[in-house]
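Numbering (the UniProt record's numbering), first residue to last: 1 to 407.
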C-alpha cells in the first residue's frame, strides 16, 4: 500500500494531520469522509447562512445561554483533531474517552502551528457542560463511536446541556452506521433526519426537543463473575459505558486469568486494563503492587471502581490514564500483563499492540516477564521473539494463546 498524503483540505483550512501512534510509512488517513461531511454541513448551514456570525451569532439560545461572538460548539469523538483543528477559531470543546485522541489533538495542533489551547478537552468521566458552566451548546458535531452503548450514553449526557435551538449532527461511514442509531438520536435528543449519502458517509441530524424526557442511564453497571474457575467466581466488576466486556466476562479474559503468574513481588502492570479483571485476579495470587493503565478514561474509572467494589487494599494499586507506558521509568516493573486491542476505532491492525510490546520491553526490569494473551492468528509469538529474543507458550486453546517473554 502506498503512503498517504497527510494534507486534509476543508472549507476552513488545509491541515497536515497524522495518526497516533506515528508510523514511518503510514497508509491510513487521520480523517474520513464523515469528517469532511460534518465540516461541509457546518460551513453550509451556519457560516454561509450567517455571514456575520463572527460578530453576531443568530442561533437561538435560551435564557440561560450567554450570547457571544460565535456558536458554542461541542465536538465528540474526534480521533485525530480533524474537526477541532479546522474549527479552532470557534474555540470548540472536545468530549472524548480517548487519551490518544487528546495526544493526537496536541500533536497535530503543533504540526500546524495552531494553539491547542483554543480547544478545551472534556474527558468522558466529566459532564459535557458548557465552558462557563452556564452556557448551552448551540451545535454538537459527533463522529459516531464504534460502541453503541457509549453513543447512547453520550446523547443522554449531552441532552441537559442543550437549548431549544441546538442541533446534534452525527457523522458516520455508511458501513459503520447501524439502523438503530437514528432511532436512538430521535428518542433522546429530538426530531431527527438522515442525510443523503456522500462519499459513502451520512449525517444524522437532530433538533433538540427539551420536552422529550431523557431516559435513565444504564451505567455504570455492576455484575459478578460467574463463568470462571475458582477463586475468580464472585469477583465484582463495575463497567462504564465505553469499557470492553460490559455485561459478562469475555472468553479471552476468562482464559487469561487461569494462566497468570504467581508469587511475583514488587511491581506488576496491567496494561490495557479495561474493567480491571486481570489486575484484580493477579492481586489475588501475588503480593505485588498493581498499576492499572489504559488510554480510555472510562476503563481506568471502571478498574478503580472494580478494585474498590471487591474491598481490595487501596495502597496496593495505582490507576493511570496513559498512552501505553509512555512516561514510565525504564526498568521499573517486575511483570507486565497485557490483553492488547487489535483495532483502533474501526480500523483493524497491530500498530497499538506493537507500541505496547515495545514499551513493555523498555519498562521491564532485567529478568522481568511480559505475559500476553491474543487470538491465535495474530502472530504475537513472532513479534515477542523479535523484541525479547525469546517467547514461550504458556497455554492455548482453540482460539487463544497465552505467551511469555523475559527481558
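Where is the CB? At the ideal position from N, CA and C, for every residue including glycine.
Handout entry: Classification of residue 348 by the beta-carbon crowding that lies within 10 angstroms, buried from 16 upward
Key = Note that residue 348 scores 47 on pLDDT, short of 50, meaning its location in the model is unreliable and no value can be drawn from it.
Practice task
Counting only the same chain and skipping the five closest in sequence on each side, list residues whose C-beta sits under 6 Å from that of residue 86.
Solution key: 10, 12, 13, 39
Exercise for the section: Output the distance between the C-alpha atoms of residue 234 and residue 280, rounded to the nearest integer angstrom. Expected result: 12 Å
Handout entry: residue 167 burial status per 10 Å Cβ neighbour count (16 or more: buried)
Key = buried
Problem - Limits of the unbroken beta strand (DSSP E) element including residue 121 - result: 120-123
Problem - Counted within 10 angstroms of its Cβ, other Cβ atoms place residue 15 as buried (16 or more) or exposed - result: buried
Practice task
Identify, in the order they occur along the chain, each residue of the same chain with its Cβ nearer than 6 Å to the Cβ of residue 118, setting aside the five sequence neighbours on each side.
Solution key: 88, 91
Exercise for the section: Enumerate in chain order the residues of its own chain whose CB-to-CB distance from residue 266 is below 6 Å, with the five nearest sequence positions on each side excluded. Expected result: 288, 334
Problem - Alpha-carbon to alpha-carbon, residue 161 and residue 64 - result: For residue 64, the predicted structure reports a pLDDT of 38, less than 50, and the residue's modelled location is therefore unreliable. A value from the coordinates is still provided. Roughly 10 Å separates the two Cα atoms.
Handout entry: Through-space distance from residue 45 to residue 54, alpha-carbon basis
Key = Because the pLDDT at residue 54 is just 47, under 50, the model does not fix this residue reliably, and the point stays unresolved.
Problem - As assigned by DSSP and simplified to three states, the class of residue 321 - result: strand
Problem - Residue of 32, 331, 274 minimising C-alpha distance to residue 175 - result: 32
Handout entry: Member of 384, 140, 149, 179 whose CA lies at the smallest distance from the CA of residue 247
Key = 149
Handout entry: Inter-residue Cα distance where the pair is residue 363 and residue 262
Key = 20 Å
Problem - Collapsed DSSP secondary structure at residue 38 in the structure displayed - result: helix
Practice task
Could you have a look at residue 344 and say whether DSSP puts it in helix, strand or coil?
Solution key: At residue 344, the pLDDT of 49 sits below 50, so the modelled position is not reliable; the number obtained from the coordinates is stated separately. Residue 344: strand per DSSP, three-state reduction.
Exercise for the section: Leaving out five residues on either side along the sequence, give the residues of the same chain with a beta carbon under 7 Å from the beta carbon of residue 393. Expected result: 401, 403
Exercise for the section: Within 10 angstroms of the Cβ of residue 376, are there 16 or more other Cβ atoms? Answer buried if so, exposed if not. Expected result: exposed
Exercise for the section: Measure the beta-carbon distance from residue 300 to residue 325 and round it to whole angstroms, keeping in mind my assumption that it falls under 8 Å. Expected result: Contact flag wrong, Cβ pair sits at about 14 Å.
Handout entry: Inter-residue spacing [alpha-carbon to alpha-carbon] between residue 371 and residue 271
Key = 10 Å
Practice task
Reducing DSSP to helix, strand and coil, say where residue 93 ends up.
Solution key: strand
Exercise for the section: Name the residue from 122, 114, 229, 71 whose alpha carbon lies nearest to the alpha carbon of residue 411. Expected result: Since the displayed the chain opens at 1 and closes at 407, residue 411 lies outside it and no answer follows.
Exercise for the section: Would you check if the distance between the CB atom of residue 357 and the CB atom of residue 387 is smaller than 8 Å? Expected result: yes
Exercise for the section: Identify the continuous beta strand (DSSP E) that holds residue 10 and give its terminal residues. Expected result: Per DSSP, residue 10 belongs to no beta strand (DSSP E) and is neither H nor E.
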